[in-house]
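Participant:
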């Protein structure tokens, strides 16, 4: 569980750095920003969910703050456009050939 979270967090970090580099270079960064937003918000939800799973019933109590993190993580998937919108942006760019992939 820890290794999965570490890998996903690092992937999100690298996508975020690539998005920042693309923006700084003055290039169109919409594709990579959507990828980073999708990856990071999904990773946040998965990581908090795993933490709750590890802690068992204590993980969902208000004294652990994980329930607050879980609510915040869920909101992150909606802020700046829901994940589905970012998936559509990525898919549209892949189909139209505007992507480097």
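Residue numbers (our numbering): 1169 to 1269.
In this text, a Cβ means the ideal position worked out from N, Cα and C, and glycines have one as well.
1) Going by C-alpha distance, which of 1174, 1210, 1250, 1187 is nearest residue 1280?
2) The alpha helix (DSSP H) spanning residue 1195 covers which residue range?
3) Taking Cβ positions, are residue 1130 and residue 1173 nearer each other than 8 Å?
4) Check whether the Cβ atoms of residue 1169 and residue 1222 sit closer than 8 Å, and answer yes or no.
5) So, residue 1190 versus residue 1177, is the Cβ gap smaller than 8 Å?
6) Using the three-state DSSP reduction, which class does residue 1188 fall into: helix, strand or coil?
7) For residue 1182, which of helix, strand or coil comes out of DSSP?
Facilitator: Taking the geometry as given:
1) Residue 1280 lies beyond the stretch modelled for the chain, which goes from 1169 to 1269, so this question has no answer here.
2) Where residue 1195 is concerned, there is no enclosing alpha helix (DSSP H), given that its DSSP letter is neither H nor E.
3) No answer is possible for residue 1130: it lies beyond the span of the chain, which begins at 1169 and ends at 1269.
4) Going by C-beta atoms, residue 1169 is nearer than 8 Å to residue 1222.
5) Contact flag unset, no.
6) It is helical.
7) Shown here, residue 1182 sits in a helix according to DSSP, grouped into three states.
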